[in-house]
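Protein chains: 2
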Amino acid sequence: EFPYGKVFAKIDELKPQFIDTLGKAVKIPAVSGDESLRPMVVRKAHFLVGELQRIGFTDIQLKHLGTQPPPVEDENLQLPPVVLSRYGNDPKKKTIVVYGHYDVQPASFEDGWDTEPFELYVDEEKQLMRARGSTDDTGPVIGWFNVVQAYKESGFELPVNLITCFEGMEESGSIGLDGLIVEEADKYFKGTDAVCISDNYWLGTTKPVLTYGLRGCNYYQTTIEGPGADLHSGIFGGIIAEPMVDLVQVLGSLVDSKGKILIDGVDDMVAPLTEKEAKLYDGIDFTLDDLNAASGSDTSLYKNPKDILMHRWRYPSLSLHGVEGAFSSQGAKTVVPAKVHGKFSIRTVPDMDSEKLNKLVIAHCDKVFSKLESPNTCKTELIHDGDYWISDPNNTSFTAASKATELVYGVSPDLTREGGSIPITLTFEQQLKTSVLLLPMGRGDDGAHSVNEKLDISNYVNGMKTMAAYLHYYAVAEGK
Amino acid sequence: EFPYGKVFAKIDELKPQFIDTLGKAVKIPAVSGDESLRPMVVRKAHFLVGELQRIGFTDIQLKHLGTQPPPVEDENLQLPPVVLSRYGNDPKKKTIVVYGHYDVQPASFEDGWDTEPFELYVDEEKQLMRARGSTDDTGPVIGWFNVVQAYKESGFELPVNLITCFEGMEESGSIGLDGLIVEEADKYFKGTDAVCISDNYWLGTTKPVLTYGLRGCNYYQTTIEGPGADLHSGIFGGIIAEPMVDLVQVLGSLVDSKGKILIDGVDDMVAPLTEKEAKLYDGIDFTLDDLNAASGSDTSLYKNPKDILMHRWRYPSLSLHGVEGAFSSQGAKTVVPAKVHGKFSIRTVPDMDSEKLNKLVIAHCDKVFSKLESPNTCKTELIHDGDYWISDPNNTSFTAASKATELVYGVSPDLTREGGSIPITLTFEQQLKTSVLLLPMGRGDDGAHSVNEKLDISNYVNGMKTMAAYLHYYAVAEGK
Ligand SMILES: [Zn+2]
Ligand SMILES: [Zn+2]
Ligand SMILES: [Zn+2]
Ligand SMILES: [Zn+2]
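Sequence lines, in order, name chains A and B. Our numbering puts the first residue of the first sequence at 1, with every later residue one more than the last. Our numbering puts the first residue of the second sequence at 481, with every later residue one more than the last.
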């Protein structure tokens, strides 16, 4: 059924070269969050351009996004460029945009790495590659290059037109990328049939997954203000209405210790669980032990893996992040803070309406505060929001990826969602009016953002094979 | 009745010289909280020694207190010395210890001062002296020197033996002073009949006061701990018991928005208000407007001045200071803090027992937390405590100070307490087994610790006269 067996053989044959290319790429410390390393991020973009040219991509463009907005030390700091390129431009073929990012999280040997973080260490015994960026997200980015090279060197045409969209600012909020996608939707990205993002992970360490949903996030702050300045608790304690006392009452009314959101109307907006959806959770490779290992504790609110996953993926949650304006250091300061901001956020899921949620949250806080009959003032506001994303895991793109996974791994992938957000997913879907597929390459224990980030060689190789087979199955499928 | 009219005349005569001496003293930036200025604190101690020698004090000793304990930048940083000295040593006379401090709060012109803070500016129009330390506490310290000089230059013997105890670390926690008082109680301070502290203020701006009580302070922290490290709310929100959620419930159970302490048994320990004590509040010069001006707001929990003062002085209060370990900056961070410390304190009053209070507080927090059925852990502990202090405002020392005030100001002083603590008061009382009198020189609006700290010239002059008359009335009174 898969006519490109030679492509797989080529991937196996070129494995040493592919590892070598990844080694060259991760050597460049492209830390987008460190202004002083911005030239390195730019250098890595140019490294990618060289690779794209070598392989035969065309129409290669470095899209400059302008000056980075404050807060920055260097007011003229330029954002790293987005690398756009194409391979093939055949109107009879489908067109796929692949997204990835070439910037990385900070890392230094002193953080506790076993080897230099910007030097690819190949552990022959464990058959893994350790380096910052190995799994997040340089490995998958180089993976796409390798797939195209393998097709080419096997003597096959690529079954689709491929467009790359690689950014250098993902670890620092993807500043400027939204605008570029809007700008290029009908230009560079014109005619796109599907988007594939390879920038997340398997749930565990053994079973491949495809990801079809992400929660959104509405972040709020409640500000309670009273005295004109911070006061001394000796002089004012007991005779002044303290903003912190009011704030604790408001924050305490939002969620209980069992995780239940106490704001009226929020649960009513959550899409009911259908039998069909519930079935998607059957047999997903995940245990309570996995959660406990990840949290470093035994503090789960649920014992059943299905309950845990549903509450991470398909139910909303409310977290209390902290308080700004109050005493927050070590020791004992006898201050009565004059103005305090409570920070909390709600992870959103289908079918929650963001604007309606804001109204419910603000009305709730106002009501709780007014019952306190406090002479202070209280204001709750949205700081930022990002919508949830949900895809049909049975659409053409997911079906193609599922077939590809079965071919490579011999198992049907788990269909997963994630509790966090990847805002660009929704932008692609909305702006290019296509489906988006999240096709991870690495495992759940790869340690993206941690010390000793790694990518197993088998995930690198099988990930490329899965990408290669996905392009074929998507190309030959009916519809998009 | 007061045989020393010439002393008052001498004080008036020497006013320009006394202002000049204060000017020399405040010129030295003796900021105890700034390590780099420690040599200036020491220099100011030596300046005092020079003045003591000039006036004729004897047995002048600079008591070194050793190395300042961490946290310090310089591990060998020496504590500033305590300046001990005597004037007179007649076994037939009573002996009074006067306490003050020569160190000051930080100050710089850039903070918004109208004139250089370490340069005494004499405002002839407003008849006030502006400088850091003018009222807190260099003015009163130099005042004692001047009183002795005025007695001497008028040709009178001082009616008491005077011992000075001036420290240079008060604004930084009086480190080492307790130990010195314990050490010298039966040595340098042997035979002390009374202690007089001039380091507080009138309640308002027109009526002199004597202060006979201070609240204590028990400072607590409740630590709630769960996950092994801070977590991401996208991945863990809704499936993990969040320490912040539990903490807010515990903090919210301590006190309500009306200032009522909700811990069982605390109110039962408070001494009942007697008719006699209630009378002490009659006619005290204080209004709701005074409180609103001080807090910069209209957030008082009481409207009646008597209620306000009683809740500041003779009832306990519970303040929530803040949270350590949670997100506390500007902006929006989606962290689930793993370990949070809630900070709160209780101002204590007669007849609260500190140890019993600790037990009640800890039992209350444990009980509230256990009701949450959280898998996290909760621990409440005392960080530090300092007992309340209360004196008999009708004892010999207060009666003498009251007569002195009437003589100088023509009014009977208001008898006040304070909501805050001056821990050294209790140490003097307990270690020297004497009564302690708080005899303020400055006004409630002097701005100790603020910009444009000032001392009215009339308060300086009348304060010295009050001190001088106090020494006489105390000397001639029956008993101690
Ligand atoms: Zn990534
Ligand atoms: Zn990342
Ligand atoms: Zn002071
Ligand atoms: Zn002070």
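Glycine included, C-beta positions come from ideal geometry on N, C-alpha and C.
Beta-carbon contacts of K945 of chain B that lie in its chain and below 7 Å, excluding the five residues immediately before and after: Within the same chain, K945 of chain B has close Cβ partners F488, I491 and V888.
Short CB-CB distance (under 8 Å) between V323 of chain A and chain B: Taking Cβ atoms only, chain B reaches closer than 8 Å to V323 of chain A, which makes this a yes.
Buried or exposed (CB count within 10 angstroms, at least 16 for buried), G322 of chain A: buried
Candidates A:G237, A:R54 and A:P71, of which the one nearest S85 of chain A by Cα: A:R54
Three-state secondary structure (DSSP) of Q17 of chain A: helix
Three-way DSSP call (helix, strand, coil) for F8 of chain A in this model: helix
Where R86 of chain A falls: helix, strand or coil (DSSP): When secondary structure is reduced to three states using DSSP, R86 of chain A falls in the strand class.
For P81 of chain A and E650 of chain B, the rounded distance between their alpha carbons: 58 Å
Ordered list of beta strand (DSSP E) runs contained in the segment 119-179 of chain A, each at least 3 residues: 121-123, 128-130 and 161-167
Those residues which DSSP pairs with F824 of chain B across a bridge: According to DSSP, F824 of chain B bridges with B:Y700 and B:L800.
Boundaries (first-last residue) of the beta strand (DSSP E) holding D872 of chain B: It is not in any beta strand (DSSP E) - D872 of chain B carries neither H nor E in the DSSP assignment.
6 Å Cβ shell around Y668 of chain B - same chain, five flanking residues per side excluded: So the list reads L564, once near-sequence residues are dropped.
Whole-angstrom distance between F636 of chain B and A630 of chain B, CA atom to CA atom: 9 Å
Closer than 7 Å at the beta carbon, the chain A residues around K813 of chain B: H321
Bridge partner(s) assigned by DSSP for D936 of chain B: B:L608
Under 8 Å (Cβ pairs) to chain B, residues found in the segment 362-374 of chain A: L372, E373 and S374
Beta-carbon spacing of L158 of chain A, V255 of chain A below 8 Å: no
Chain A contact residues for L779 of chain B, given Cβ-Cβ distances below 7 Å: A quick correction: the sequence has Thr, not Leu, at residue 779 of chain B. From the beta-carbon of T779 of chain B, the residues of chain A found nearer than 7 Å are G226, P227, I240, A241, P375 and N376.
Chain B contact for G259 of chain A (CB, 8 Å cutoff): yes
Extent of the continuous beta strand (DSSP E) to which I96 of chain A belongs: T95 to H101
Residues in the segment 900-929 of chain B having any Cβ partner in chain A nearer than 7 Å: G900 and S901
Residues within the segment 934-954 of chain B neighbouring chain A, beta-carbon criterion of under 9 Å: Identification of residues in the segment 934-954 of chain B having a C-beta nearer than 9 Å to some C-beta of chain A yields an empty set.
Three-pair Cβ contact test at 8 Å for the segment 286-293 of chain A versus the segment 392-408 of chain A: no
With 16 other Cβ atoms within 10 Å as the buried cut-off, status of P140 of chain A: Residue environment for P140 of chain A: buried (at least 16 other C-beta atoms within 10 angstroms of its C-beta).
Own chain partners of T672 of chain B with C-beta closer than 6 Å, once the 5 adjacent residues on each side are dropped: T575, V577, L912 and T914, listed in sequence order.
Cβ pair L895 of chain B, L760 of chain B closer than 8 Å: Yes, these two residues count as a Cβ contact at 8 Å.
Beta-carbon proximity list for V72 of chain A, same chain, < 7 Å, skipping 5 on both sides: E35
Nearest to N698 of chain B (by Cα), restricted to the options B:D926, B:K839, B:A510 and B:L917: Check the Cα spacing between N698 of chain B and each of B:D926, B:K839, B:A510 and B:L917: the tightest is with B:K839.
Chain B contacts made by the segment 342-362 of chain A, where a contact means CB separation under 8 Å: K343, S345 and R347
Residue list, Cβ distance to ligand 1 heavy atoms smaller than 6 Å: Residues lining ligand 1 by the Cβ criterion, that is a Cβ closer than 6 Å to any of its heavy atoms, are A:H101, A:D136, A:D137, A:E170 and A:D199 in chain order.
Cβ-heavy atom distance, Q105 of chain A to ligand 2, below 7 Å: yes
Extent of the continuous beta strand (DSSP E) to which R1015 of chain B belongs: Any question about residue 1015 of chain B goes unanswered here, given that chain B covers just 481 to 960.
Whole-angstrom C-beta distance between P688 of chain B and V891 of chain B, which should lie under 8 Å: The pair is a contact, with the Cβ atoms about 7 Å apart (cut-off 8 Å).
Simplified DSSP assignment, three categories, for Y212 of chain A: strand
Stretch-stretch touch, CB-based, cutoff 8 Å, three pairs: the segment 331-344 of chain A with the segment 229-242 of chain A: yes
G234 of chain A at chain B interface by Cβ criterion, 8 Å: yes
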